[in-house]
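The structure appears below as structure tokens.
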Amino acid sequence: MSGWSDSSGTTLDDYTGVYAQRVAGMTASEIRALFAVANRPEVVSLAGGAPYTSALPLDAIGEMLRDLIVNQGAQALQYGIGQGLPELREQICEVMADSGIDAAMGASPDDVVVTIGGQQALDLVARLFLDPGDVVLAEGPTYVGALGAFQAAQARVVHVAMDDDGLIPAALEEAIKATAAAGRRAKFLYTIPTYQNPAGVTLSEERREQVLDICERAGLLVIEDDPYGKLSFGGQAPRPLRARRRDGVFYLSTFSKTIAAGLRVGWILAPHAVRDKLVIATEAQILCPPHFSQYAVSTYLATMPWREQIKTFAQLYSERRDAMLESLADLMPAGMTWTKPDGGLFVWATLPEGMDAKAMMPRAIAARVAYVPGTGFYADGTGQQHIRLNFSFPPAERIREGVRRLAGVIEQEMAM
Ligand code: PMP
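Residues in the sequence shown are numbered consecutively from 1, following full-length UniProt numbering.
Laid out in structure tokens, this is it:
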């Protein structure tokens, strides 16, 4: 080895011989690299995934935080316990009960583990269940951060196809069989059944039961990730999987989309038997979730009209979704298709046959519009023909302008 420091300014990695094997699974997310360019002011970015925090009652939250420090500062700024603030875990149970995950379904504050957003919850699940070479079944496409967590654990993600009604049960059965036939062990199904990221689709009522039955028969755990279920545009989302089955289903959610992503508070509702292992794993990782953020969320839930605020977010996003769907319909060339989400943050679009979203990206940036190429949402390098478009952050006029620019790029590309 030539040295320990990179002070030479070389991009060669001097530490290659020292890394643990699992570092091989840690590759840079394409999305992160993209954000630097996409965030330039002249670019209309449909690439993000950010909630619209300007819609929060910021003055009232400021007052709330001030009172919190004045009245409870000494506790709130202290260490907490690994499992998370007890009163917050009770409130989390109230939040879940609104979606049908209630005491009758075995949900208890005792089985909730508070995490640093949904992302740490995914990492904990990976730590607890994945050995190198284990297979995870997941929708294709799926959440890029989940791919990162599973790949860091050196697991192999096998994608299961979706359509407009979400995961296809027959494809799930097929994937379970193929994995077993290859002599591998599938540990769990990772699924985002409601307003999926990135596809924007929702698993239908009927399929929810089928998917649960298939996993139960195969002895496959279900990791249900539900950050978006409360962001419904008009209709009511189907009940979560965990509201239908208590055994074998882990429920992960977060306040990132319903309150504020910057607070970094999420949770896992785990089967009781697993709870202690989760707490031990989280303590080894972070000691305890941020106490101040937990106090902030707990106080917000206790004193602010949080259900109304979720409706405010959903109303705003549904108007922006409409702007996106209308402009796509008005402006996109024939051969292009896209999903029509009933909630959440994203539209998933499919380019005309033979086109490559990643190759097109420099031309899109030159035309001052950004999207996320579909390849980032697959572990196996597929997805070239797809793009993810975000409608939660840009205002409606920006969305229309972005779609207009993008349609121009696609038309040029088709003429090439
Ligand atoms: N799961 C999914 C499906 C997500 O889309 C996200 C965030 N975009 C997360 C988990 C992580 O959420 P958090 O910001 O709470 O870490």
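Backbone N, C-alpha and C define an ideal beta-carbon position, used for all residues, glycine too.
Backbone CA spacing between residue i and residue j [nearest angstrom]
i           : j      : result
VAL125      : LEU252 : 10 Å
LYS311      : GLU90  : 22 Å
LEU287      : ILE81  : 8 Å
VAL43       : ILE365 : 7 Å
ILE268      : ALA357 : 35 Å
ALA103      : ALA97  : 8 Å
MET355      : GLY344 : 27 Å
GLU413      : MET360 : 8 Å
PRO41       : TYR317 : 21 Å
GLY106      : PRO362 : 51 Å
THR53       : PHE35  : 18 Å
ALA237      : HIS272 : 27 Å
GLN72       : HIS291 : 12 Å
GLY408      : PHE377 : 25 Å
residue 448 : GLY383 : There is simply no residue 448 to check, as the chain begins at 1 and stops at 416 in what is shown.
LEU128      : ALA74  : 34 Å
LEU167      : PRO227 : 17 Å
PHE255      : ILE92  : 10 Å
ASP134      : ARG398 : 43 Å
LEU85       : GLY183 : 43 Å
MET162      : ALA178 : 17 Å
TYR300      : ILE61  : 8 Å
Status (buried if at least 16 other CB within 10 Å, exposed otherwise) for residue i
i      : result
TYR79  : exposed
VAL211 : buried
VAL160 : buried
MET26  : exposed
GLN294 : buried
LEU77  : exposed
ILE410 : buried
THR115 : buried
ILE69  : exposed
HIS386 : buried
LEU58  : exposed
ASP225 : buried
LYS257 : buried
GLU139 : buried
GLY16  : In the sequence on display, residue 16 carries Thr and not Gly. It is exposed - the Cβ of THR16 has fewer than 16 other Cβ atoms within 10 Å.
TYR19  : exposed
LEU12  : exposed
GLY374 : buried
ALA296 : buried
ASP28  : Residue identity differs from the one stated: residue 28 is Ala in this sequence, not Asp. The residue in question, ALA28, is exposed, as its Cβ has fewer than 16 Cβ neighbours within 10 Å.
ALA334 : exposed
6 Å CB neighbourhood of residue i in its chain, flanking five on each side removed
i      : result
GLN119 : GLY145
GLN83  : VAL113, VAL279
GLY100 : ARG239, ALA243
GLY48  : ASN390, PHE393
LEU137 : VAL158, VAL160, ALA175, ALA186, LEU189
LEU406 : VAL369
GLU205 : PRO238
Own chain residues within Cβ distance below 7 Å of residue i, not counting five before or after
i           : result
ALA415      : none
ALA270      : ASP111, VAL113, PHE250, LEU278
ARG264      : ILE116, GLY117, PRO290, SER293
residue 477 : Look at the range of the chain in this structure, 1 to 416, and you will see that residue 477 is not part of it.
LEU241      : PRO193, ARG208, LEU212, VAL222, GLU224, VAL249
VAL403      : MET324, SER327, LEU328, LEU331
ARG321      : PHE233, PRO341, PHE391
Beta-carbon proximity of residue i to residue j, cut-off 7 Å
i           : j      : result
ALA149      : ASP131 : no
SER298      : GLU94  : no
MET336      : PRO352 : yes
ASP164      : VAL222 : no
ASP342      : PHE233 : yes
TRP338      : ARG388 : no
PRO169      : ARG207 : yes
ARG400      : ALA284 : no
GLU173      : ILE214 : yes
SER45       : ALA55  : no
residue 419 : ALA261 : In the structure as shown, the chain begins at 1 and stops at 416. Residue 419 is therefore absent and cannot be evaluated.
ALA314      : LEU203 : no
ALA121      : GLY266 : yes
Nonlocal neighbours in the same chain, by C-beta distance under 8 Å from residue i, ignoring five residues either side
i           : result
residue 430 : Absent from the structure is residue 430, since the part of the chain shown begins at 1 and ends at 416.
GLU209      : ARG244
ALA152      : ARG22, GLY25, MET26, ASP123, ALA126
Determine contact between the stretch 328 to 340 and the stretch 361 to 371, defined as no fewer than three beta-carbon pairs at a distance below 8 Å. No, because fewer than three Cβ pairs between the stretch 328 to 340 and the stretch 361 to 371 fall closer than 8 Å, the two stretches do not touch.
Three or more C-beta pairs below 8 Å linking the stretch 55 to 71 and the stretch 195 to 214: Judged by Cβ distances under 8 Å, the stretch 55 to 71 makes no contact with the stretch 195 to 214, as fewer than three pairs qualify.
Quick one: any contact between the stretch 132 to 149 and the stretch 294 to 311, if contact means 3 or more CB pairs under 8 Å? No, they do not touch.
Does the stretch 179 to 196 come close enough to the stretch 236 to 250 to have 3 or more Cβ pairs within less than 8 Å? Yes, since at least three Cβ pairs between the stretch 179 to 196 and the stretch 236 to 250 fall closer than 8 Å, the two stretches touch.
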